[in-house]
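In our numbering, the protein residues as written are 81 to 316.
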(Lines of atoms letter the chains of each structure in order from A; the text may use other names.)
(Lines give C-alpha, C1' and ligand atoms only; values in the text may rest on other atoms or scores of the structure.)
Protein backbone atom coordinates (compact mmCIF):
# COMPACT_ATOMS: atom_id res chain seq x y z
CA UNK A 81 0.00 0.00 0.00
CA UNK A 82 1.39 3.44 -0.89
CA UNK A 83 1.40 6.43 1.46
CA UNK A 84 -1.51 8.15 -0.30
CA UNK A 85 -3.74 5.10 0.18
CA UNK A 86 -2.73 4.82 3.82
CA UNK A 87 -3.43 8.51 4.52
CA UNK A 88 -6.82 8.23 2.83
CA UNK A 89 -7.72 5.20 4.93
CA UNK A 90 -6.67 6.95 8.14
CA UNK A 91 -8.78 9.99 7.24
CA UNK A 92 -11.87 7.88 6.55
CA UNK A 93 -11.43 5.91 9.78
CA UNK A 94 -11.07 9.17 11.74
CA UNK A 95 -14.40 10.31 10.27
CA UNK A 96 -16.04 7.11 11.48
CA UNK A 97 -16.29 5.31 8.14
CA UNK A 98 -15.69 1.59 7.94
CA UNK A 99 -12.64 0.87 5.82
CA UNK A 100 -12.18 -2.76 4.68
CA UNK A 101 -9.10 -4.56 5.88
CA UNK A 102 -6.02 -4.73 3.71
CA UNK A 103 -3.57 -7.47 2.96
CA UNK A 104 -0.47 -7.39 5.11
CA UNK A 105 2.04 -8.87 2.70
CA UNK A 106 5.69 -9.68 3.32
CA UNK A 107 8.23 -12.14 1.98
CA UNK A 108 6.75 -15.00 4.01
CA UNK A 109 2.97 -14.84 3.72
CA UNK A 110 -0.11 -12.67 3.17
CA UNK A 111 -2.63 -11.98 5.92
CA UNK A 112 -5.82 -9.98 5.48
CA UNK A 113 -6.45 -7.55 8.36
CA UNK A 114 -9.81 -6.87 10.01
CA UNK A 115 -9.62 -3.43 11.58
CA UNK A 116 -11.93 -0.99 13.34
CA UNK A 117 -11.80 2.76 12.58
CA UNK A 118 -9.21 3.14 15.37
CA UNK A 119 -7.01 0.46 13.80
CA UNK A 120 -7.67 -2.23 16.42
CA UNK A 121 -8.56 -5.81 15.54
CA UNK A 122 -12.26 -6.24 14.75
CA UNK A 123 -13.03 -9.80 15.85
CA UNK A 124 -16.76 -9.41 15.30
CA UNK A 125 -16.11 -8.41 11.70
CA UNK A 126 -13.95 -11.50 11.21
CA UNK A 127 -16.52 -13.78 12.79
CA UNK A 128 -19.41 -12.30 10.81
CA UNK A 129 -17.55 -12.74 7.52
CA UNK A 130 -16.67 -16.34 8.38
CA UNK A 131 -20.20 -17.25 9.44
CA UNK A 132 -21.76 -15.61 6.38
CA UNK A 133 -19.26 -17.34 4.11
CA UNK A 134 -20.00 -20.68 5.73
CA UNK A 135 -23.73 -20.33 5.18
CA UNK A 136 -23.31 -19.29 1.54
CA UNK A 137 -21.02 -22.27 0.87
CA UNK A 138 -22.76 -24.79 3.10
CA UNK A 139 -23.31 -27.19 0.21
CA UNK A 140 -19.73 -26.88 -1.05
CA UNK A 141 -17.18 -29.38 0.26
CA UNK A 142 -13.45 -28.73 -0.16
CA UNK A 143 -12.32 -31.95 1.50
CA UNK A 144 -12.36 -35.11 -0.61
CA UNK A 145 -12.55 -38.73 0.46
CA UNK A 146 -9.54 -39.85 -1.61
CA UNK A 147 -7.24 -37.44 0.22
CA UNK A 148 -8.63 -38.43 3.62
CA UNK A 149 -7.94 -42.09 2.79
CA UNK A 150 -4.39 -41.19 1.72
CA UNK A 151 -3.80 -39.37 5.02
CA UNK A 152 -5.36 -42.24 6.97
CA UNK A 153 -2.93 -44.72 5.43
CA UNK A 154 -0.03 -42.52 6.49
CA UNK A 155 -1.35 -42.13 10.04
CA UNK A 156 -1.84 -45.89 10.36
CA UNK A 157 1.81 -46.43 9.44
CA UNK A 158 3.35 -43.67 11.56
CA UNK A 159 1.23 -42.94 14.64
CA UNK A 160 1.73 -45.20 17.65
CA UNK A 161 -1.95 -44.97 18.57
CA UNK A 162 -5.05 -44.16 16.59
CA UNK A 163 -8.10 -43.67 18.79
CA UNK A 164 -9.30 -40.10 18.54
CA UNK A 165 -9.08 -37.20 16.09
CA UNK A 166 -10.40 -33.69 15.60
CA UNK A 167 -10.93 -31.78 12.35
CA UNK A 168 -11.16 -27.98 12.27
CA UNK A 169 -13.21 -25.82 9.91
CA UNK A 170 -15.31 -28.71 8.63
CA UNK A 171 -18.47 -26.95 7.41
CA UNK A 172 -20.64 -30.09 6.80
CA UNK A 173 -18.52 -32.49 8.84
CA UNK A 174 -17.58 -34.95 6.12
CA UNK A 175 -13.91 -34.96 7.14
CA UNK A 176 -14.51 -36.54 10.53
CA UNK A 177 -17.00 -38.98 9.00
CA UNK A 178 -14.40 -40.21 6.51
CA UNK A 179 -11.66 -40.44 9.14
CA UNK A 180 -14.00 -42.41 11.41
CA UNK A 181 -14.78 -44.83 8.59
CA UNK A 182 -11.22 -45.31 7.33
CA UNK A 183 -9.41 -45.36 10.69
CA UNK A 184 -12.15 -46.74 12.91
CA UNK A 185 -11.63 -43.87 15.37
CA UNK A 186 -13.75 -41.44 17.32
CA UNK A 187 -13.46 -38.20 15.33
CA UNK A 188 -15.19 -34.87 15.87
CA UNK A 189 -15.20 -31.63 13.90
CA UNK A 190 -15.45 -27.91 14.62
CA UNK A 191 -16.74 -24.91 12.73
CA UNK A 192 -17.13 -21.29 13.76
CA UNK A 193 -20.65 -21.07 12.33
CA UNK A 194 -23.84 -21.93 14.18
CA UNK A 195 -24.58 -24.34 11.32
CA UNK A 196 -22.15 -26.76 13.00
CA UNK A 197 -24.95 -28.07 15.20
CA UNK A 198 -26.82 -29.29 12.11
CA UNK A 199 -24.23 -32.00 11.41
CA UNK A 200 -23.21 -35.14 13.33
CA UNK A 201 -20.21 -34.98 15.66
CA UNK A 202 -19.67 -31.29 14.89
CA UNK A 203 -19.16 -28.56 17.51
CA UNK A 204 -19.45 -24.80 17.05
CA UNK A 205 -16.02 -23.47 17.98
CA UNK A 206 -13.46 -20.89 16.87
CA UNK A 207 -10.39 -23.02 16.13
CA UNK A 208 -8.02 -20.30 17.40
CA UNK A 209 -9.33 -20.74 20.94
CA UNK A 210 -8.21 -23.34 23.44
CA UNK A 211 -10.71 -25.78 24.90
CA UNK A 212 -9.24 -27.24 28.11
CA UNK A 213 -11.02 -30.54 27.45
CA UNK A 214 -9.15 -30.93 24.17
CA UNK A 215 -5.60 -30.29 25.40
CA UNK A 216 -3.54 -33.46 24.90
CA UNK A 217 -6.67 -35.34 23.84
CA UNK A 218 -6.17 -36.28 20.17
CA UNK A 219 -3.97 -38.58 18.13
CA UNK A 220 -4.36 -36.31 15.12
CA UNK A 221 -5.65 -32.85 14.26
CA UNK A 222 -6.64 -32.27 10.63
CA UNK A 223 -7.59 -29.14 8.72
CA UNK A 224 -7.71 -27.73 5.24
CA UNK A 225 -9.06 -24.45 6.65
CA UNK A 226 -5.87 -22.81 7.91
CA UNK A 227 -6.41 -20.17 5.23
CA UNK A 228 -9.39 -18.99 7.32
CA UNK A 229 -7.15 -18.10 10.29
CA UNK A 230 -6.84 -14.44 11.26
CA UNK A 231 -3.83 -15.44 13.37
CA UNK A 232 -2.37 -18.66 11.90
CA UNK A 233 0.36 -18.96 14.52
CA UNK A 234 -2.17 -18.76 17.35
CA UNK A 235 -4.30 -21.38 15.62
CA UNK A 236 -1.40 -23.77 15.03
CA UNK A 237 -0.15 -23.34 18.61
CA UNK A 238 -3.64 -24.32 19.79
CA UNK A 239 -3.80 -27.37 17.52
CA UNK A 240 -0.38 -28.64 18.59
CA UNK A 241 -1.45 -28.45 22.24
CA UNK A 242 -4.39 -30.71 21.39
CA UNK A 243 -2.06 -33.58 20.48
CA UNK A 244 -1.34 -36.66 22.53
CA UNK A 245 2.34 -37.67 22.69
CA UNK A 246 3.33 -38.88 19.23
CA UNK A 247 0.33 -37.22 17.59
CA UNK A 248 0.29 -35.16 14.39
CA UNK A 249 -1.29 -31.99 13.06
CA UNK A 250 -2.19 -32.62 9.42
CA UNK A 251 -2.43 -29.54 7.18
CA UNK A 252 -3.87 -30.08 3.70
CA UNK A 253 -2.48 -27.33 1.46
CA UNK A 254 -3.12 -26.47 -2.20
CA UNK A 255 -2.44 -23.56 -4.59
CA UNK A 256 -5.76 -22.21 -3.30
CA UNK A 257 -4.07 -21.61 0.05
CA UNK A 258 -1.37 -19.34 -1.42
CA UNK A 259 -1.24 -15.50 -1.26
CA UNK A 260 -3.10 -15.18 -4.57
CA UNK A 261 -6.14 -16.79 -2.94
CA UNK A 262 -6.44 -14.47 0.07
CA UNK A 263 -9.56 -12.42 0.70
CA UNK A 264 -11.78 -11.27 3.56
CA UNK A 265 -13.11 -14.83 3.78
CA UNK A 266 -9.71 -16.55 3.32
CA UNK A 267 -7.34 -14.16 5.10
CA UNK A 268 -4.16 -16.27 5.26
CA UNK A 269 -2.09 -17.33 2.29
CA UNK A 270 1.38 -18.84 2.04
CA UNK A 271 3.34 -20.58 -0.71
CA UNK A 272 3.89 -24.30 -0.16
CA UNK A 273 7.66 -23.85 -0.46
CA UNK A 274 7.65 -21.28 2.35
CA UNK A 275 5.16 -22.91 4.70
CA UNK A 276 7.51 -25.45 6.39
CA UNK A 277 10.01 -22.71 7.22
CA UNK A 278 7.26 -20.45 8.55
CA UNK A 279 5.97 -23.27 10.77
CA UNK A 280 9.50 -23.90 12.07
CA UNK A 281 9.75 -20.19 12.91
CA UNK A 282 6.42 -20.23 14.73
CA UNK A 283 7.26 -23.46 16.53
CA UNK A 284 10.52 -22.03 17.91
CA UNK A 285 11.81 -25.50 18.75
CA UNK A 286 8.48 -26.73 20.16
CA UNK A 287 7.09 -28.15 16.92
CA UNK A 288 7.99 -28.40 13.23
CA UNK A 289 7.05 -30.01 9.91
CA UNK A 290 8.32 -33.58 10.12
CA UNK A 291 6.94 -34.91 6.82
CA UNK A 292 5.70 -33.46 3.55
CA UNK A 293 3.43 -35.74 1.55
CA UNK A 294 2.44 -35.26 -2.08
CA UNK A 295 -0.51 -37.51 -2.98
CA UNK A 296 -0.43 -39.03 -6.48
CA UNK A 297 -3.88 -37.57 -7.16
CA UNK A 298 -5.11 -33.97 -7.35
CA UNK A 299 -8.17 -32.28 -5.91
CA UNK A 300 -11.37 -32.81 -7.92
CA UNK A 301 -10.74 -29.27 -9.19
CA UNK A 302 -7.34 -30.37 -10.55
CA UNK A 303 -5.25 -28.61 -7.89
CA UNK A 304 -2.02 -30.12 -6.57
CA UNK A 305 -2.02 -31.21 -2.91
CA UNK A 306 0.66 -30.97 -0.24
CA UNK A 307 0.15 -32.57 3.16
CA UNK A 308 2.27 -31.00 5.92
CA UNK A 309 2.70 -33.20 8.99
CA UNK A 310 3.47 -31.14 12.09
CA UNK A 311 4.65 -32.83 15.27
CA UNK A 312 6.04 -31.76 18.61
CA UNK A 313 9.80 -32.02 18.72
CA UNK A 314 11.33 -34.66 20.98
CA UNK A 315 12.33 -32.16 23.62
CA UNK A 316 9.06 -30.20 23.58
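By construction, the Cβ of each residue, glycine as well, lies at the ideal position given by its N, Cα and C atoms.
Source: prediction; values computed, not measured.
In the DSSP annotation of this structure, the continuous segment of the beta strand (DSSP E) that includes residue 311 starts and ends at 306-312. Residue 261 carries a helical assignment under DSSP once its states are collapsed to helix, strand and coil. Comparing C-alpha distances from residue 187 to each of 194, 221, 207 and 208 shows the shortest one belongs to 221. Approximately 5 Å separates the beta-carbon atoms of residue 152 and residue 183; this is inside 8 Å, confirming the contact. For residue 111, the uninterrupted beta strand (DSSP E) segment begins and ends at 110-112. Contact check between the segment 249-267 and the segment 198-217: fewer than three CB pairs, one atom from each, fall below 8 Å, which does not count as touching. Sequence-distant partners of residue 150 (beyond 5 residues in either direction) whose C-beta falls short of 7 Å from its own C-beta, in its chain, are 295. One thing to note: residue 193 has its Cβ within 7 Å of the Cβ of residue 131.
For residue 146, the enclosing alpha helix (DSSP H) begins and ends at 145-158. Straight-line spacing of the CA atoms in residue 306 and residue 211 works out to 28 Å. Annotation for residue 272: 253 and 306 place their beta carbon closer than 6 Å to its own, counting only its chain and skipping 5 residues before and after. Among the bridge pairs identified by DSSP, residue 269 is matched with 110. Judged by pairs of C-beta atoms under 8 Å, the segment 234-248 touches the segment 282-297, as three or more such pairs exist.
In the structure shown, residue 199 falls within a coil segment according to DSSP collapsed to helix, strand and coil.
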